[in-house]
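From first to last, the protein sequence lines stand for chains H and V. The first sequence runs contiguously to residue 406 in our numbering. The second sequence runs contiguously to residue 406 in our numbering. Yeah, the Cβ is synthetic: ideal placement off N, Cα and C, and Gly gets one too. Since the structure is predicted, the reported quantities are computational estimates derived from the model, not experimental observations. This report refers to the structure that appears directly beneath it.
There are 2 protein chains.
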Amino acid sequence: MITAIDGGICSAKGFKANGTHCGIRRNRSKRDIALVVSEVPASAAAVYTQNLVKGAPLTVTKKNIENGIARAIICNSGNANTCNANGIEIAEQMCGLVEKHTGISASDVVVASTGVIGQPLDITPIAEGMGELAGGISADGDKAAAEAIMTTDTKLKQVAVKFSAGGVECRIGGMAKGSGMIHPNMATMLVFVTTDAAISPEALQCALSTDVRDSFNMVSVDGDTSTNDMCVILANGLAGNARIEKPEGADYEEFCEALAAVTRGLCRMIAADGEGATKLLECHVSGAADKQTARVAAKSVICSTLFKAAMFGADANWGRVLCAIGYGGAQVDVGKIDVDFRSAAGELAVCRAGAGIEFSEETAKKVLSESEIEILVGLNSGSESAVAWGCDLTYDYVKINGDYRT
Amino acid sequence: MITAIDGGICSAKGFKANGTHCGIRRNRSKRDIALVVSEVPASAAAVYTQNLVKGAPLTVTKKNIENGIARAIICNSGNANTCNANGIEIAEQMCGLVEKHTGISASDVVVASTGVIGQPLDITPIAEGMGELAGGISADGDKAAAEAIMTTDTKLKQVAVKFSAGGVECRIGGMAKGSGMIHPNMATMLVFVTTDAAISPEALQCALSTDVRDSFNMVSVDGDTSTNDMCVILANGLAGNARIEKPEGADYEEFCEALAAVTRGLCRMIAADGEGATKLLECHVSGAADKQTARVAAKSVICSTLFKAAMFGADANWGRVLCAIGYGGAQVDVGKIDVDFRSAAGELAVCRAGAGIEFSEETAKKVLSESEIEILVGLNSGSESAVAWGCDLTYDYVKINGDYRT
């Protein structure tokens, strides 16, 4: 059984965190650097952006967790440390500063950055602020850390659950930053997850890689795949369960389900807090001949700028749903497609067998004026399904991104 | 030699046109139906949307020009006649009405529709208005026809050129409607081209299919591939040149160049008049190892919503150019990429060898505040190049599409 609990990155035993303002951002009231530390070495697994342009921190993190072990995460916001001549050097210096102030080897540090691309990242404020950051880590530091990784996010994003592995209670918690440049491919824009479950690096990597296909890879805010996407999970084993060695068996399945509860929760938060968003869109595709068809169709719908704009205007323009499925690349029989809209205000059928049916525009307005909208697509060609998460396209998205750098 | 001339769909000898208001649209001052007629049967070629959801008119047009011959084009705006149970029947009735009022066989008619998807198209106003429409066709009807196919377009789009084939002067002219749902794939949202050059249907199809790869397929307004995209060309031979039979030789090459002048002109117009657009974006990618790499990179840049929003704000956020190239799918060496911005106000280097260089923000603002912006990307890995056209993402795009149907 998986139970939601309050908390985030510090919910699992033995994890402490902190987030402070060190000066990367000019606004002194905005925390800009986060540190997460495990009492003991942890199994580590990660997935990264598929963008050919990769942030320097990704290169350093990959190297540091190659042995499947890590103990700390350092992450700044305000600067992506990407497309800079000295990016790798700066990322390594960040790890070195963690070692200096915590005693954890620099090679056991996960390093991440988010913010503007192509502006040199000055190490000075990080060096000067690391003492305060490391000195202040605590088991209550989850919120400070989650705040420190936010950029244009308007809401703090953390989720935690408890579950049982072999009769032993374990916990998984995570934090994320999302907002813009969100269209992950095998990873997302900074998600950090911790657990006290004992699990091998290999099983952990398998669980994470499998999970992201139906979690973070099914989220899109704007179709732009970031250069710095990264999802990292640390498992320190302090729960005391019999270590899960292989990606199989009841405990592994339970672990995957608990992980899914955390990642789906973060997906919904990332999509709902997309830049400028006023609505969370959740597209459920069912009746697909195969899983990939369901995924491609669901994602194409929540990626359509025209459909996203229609949802902002609470306009039941279902033709744009069919249009998006039609160009998405999935092989579907258009003449079999059903479409419904659903929200807290009710459910409305708008299309049957690929053609429009009469519906009340008044009811449509009511259903689509809620803050969470489900788009239900029935392909009527099989039994596979998928869910994708997105948000509406609004004036504020344009405003936020029309002048992001200043 | 190819010379631009005033005009459009009636510039070639023997083509007449008209556009009227028949009542598909409620606004009586907006023309909503266009007719183009050739004095004699013409070679016909076309490319269509790759969307699996296809408008009914496309099915009927495909059938009618299967023999390579057509004599008329009928096109309405205000309703796409797509995802309707009786769509094919209505499209055939439209061709029948052309036959009734012009004597041209229904099977020689190209039929097209643009507007809302999924609302039944009533034939009544078309039947009632066809007499006036057909009765008023003239060699001066190009503008009326070009107006009648507009939806959210704010500007009439027509281009014409003259050229010489075997010493005989020929003309090519075209009209287009663009604006939203523009991300063509082997075709675009309604482009009609006429020429008086004598050319076989086979050579004409080859010329058109080759051309769209570097013209309409390189335009994107919003990443949404329409269900009704169609580009049709009619060649009636009335110029009297020696008929171009095969896709080869000097006359064929000259024809292709003249066609390119018309289609590129229409591409720029479609992109500049994208829904809500304030700026035309033209991305030139050079130094690519192969043509397809250049195309993919150029199109990825002009498709990035983040970059489009930055251009709206005149923000020189070149990191988003690199980011878009990185996720676009082209295999490039990121460490070799140069980026410059250019406009009537000057040129500005912002990135060299994949890393940012210092530049004046004041100059950047000036360069990017013009209405036509060129993004120059040097891949420094070969000698192939490509151009893609797009526009900025603005508040008005969201406004227009937040409530398109009412």
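What are the boundary residues of the alpha helix (DSSP H) that Gly87/H is part of? Gly87 to Thr102
Here's the rule I'm using: 16 or more other beta-carbon atoms within 10 Å means buried, otherwise exposed. How should Ala85/H be labelled? exposed
Just to confirm my understanding: we take Thr188/V, look at its own chain, exclude 5 residues before and 5 after, and list those with CB closer than 6 Å. What are they? The pLDDT assigned to Thr188/V is 47, lower than 50, so where the model puts this residue is not dependable; a value taken from the coordinates is nonetheless given after this. Within the same chain, Thr188/V has close Cβ partners Phe216, Asp229 and Cys231.
Whose Cβ in chain V lies nearer than 8 Å to the Cβ of Cys351/H? Cys83 and Gly118
Note the first and the last residue of the continuous beta strand (DSSP E) segment covering Pro57/V. It is not in any beta strand (DSSP E) - Pro57/V instead sits in the alpha helix (DSSP H) that spans Ala56 to Asn64.
What three-state label does DSSP hand Glu358/H in the structure shown? coil
Kindly identify the DSSP beta-bridge partner or partners of Lys157/H. Ala176/H
Tell me, please, whether the CB atom of Val53/H is closer than 9 Å to any CB atom in chain V? yes
Please decide whether Gln158/V counts as near chain H, where near means a Cβ-Cβ distance under 9 Å. no
Burial state of Asn27/H (16 or more Cβ within 10 Å): exposed
In chain order, what residues of the same chain lie with their CB nearer than 6 Å to the CB of Glu384/H, ignoring the 5 residues before and after it? Ala288, Asp290, Lys291 and Ala294
Quick check on DSSP: helix, strand or coil for Met218/H? helix
Specify the secondary structure class of Asp301/V as computed by DSSP and reduced to three states. In the sequence under discussion, the amino acid at residue 301/V is Val, which differs from the Asp named in the question. Helix, per DSSP.
At least one CB of chain H closer than 9 Å to the CB of Ala294/V: is that the case? no
Is Val40/V near Ile74/V, with beta carbons less than 9 Å apart? no
So which residues of chain H does Ser222/V contact, with C-beta pairs closer than 8 Å? In the sequence under discussion, the amino acid at residue 222/V is Asp, which differs from the Ser named in the question. What Asp222/V touches in chain H: Thr305 and Leu306.
Figure out for me which residue from Asp273/V, Ser11/V, Thr227/V and Lys155/V has the closest Cα to the Cα of Ser113/V. Thr227/V
Check distances from the C-beta atoms of the region 258-286 of chain V to those of chain H and list, in chain order, the residues that come in under 7 Å. none
Three-state secondary structure (DSSP) at Pro201/V? helix
Ile137/H burial status per 10 Å Cβ neighbour count (16 or more: buried): buried
Using beta carbons (cut-off 9 Å, strictly below), is Ala310/H in contact with chain V? yes
Nearest CA to the CA of Thr374/V: which residue from Ala386/V, Ser381/V and Gly382/V? The question names Thr, but residue 374/V is Glu in the sequence shown. It is Ala386/V.
Give a yes or no on whether the minimum CB-CB distance between Gln50/V and chain H is below 9 Å. yes
Can you check whether the CB of Ala148/H is closer than 9 Å to the CB of Asn76/H? yes
So, helix, strand or coil for Ile126/H, using DSSP? helix
When Cβ atoms are compared, which residues of the region 237-252 of chain H fall closer than 8 Å to chain V? none
Whole-angstrom distance between Ala388/H and Met186/H, CA atom to CA atom: With a pLDDT of only 40 at Met186/H, under the threshold of 50, the placement of this residue in the model should not be trusted, and no figure is reported.
CA-CA distance, Gly131/H and Leu58/H? 24 Å
Using only the alpha-carbon positions, how far apart do Arg31/H and Ala144/H sit? 8 Å
Return the chain-ordered list of same chain residues with a C-beta closer than 6 Å to the C-beta of Phe15/H, the five sequence neighbours on each side being excluded. Ser38 and Thr194
Where Cys10/H sits in the DSSP three-state scheme: coil
Is Gly326/H close to chain V? Criterion is C-beta to C-beta, closer than 9 Å. yes
Please list the terminal residues of the continuous alpha helix (DSSP H) segment that includes Gly447/H. Any answer about residue 447/H is impossible in this case: the structure gives chain H only from 1 up to 406.
Beta carbon proximity, Lys399/V to chain H, threshold 9 Å: yes
Inter-residue Cα distance where the pair is Gln119/H and Val350/V: 11 Å
Would Ala298/V pass as an interface residue toward chain H - the criterion being a Cβ-Cβ separation below 9 Å? no
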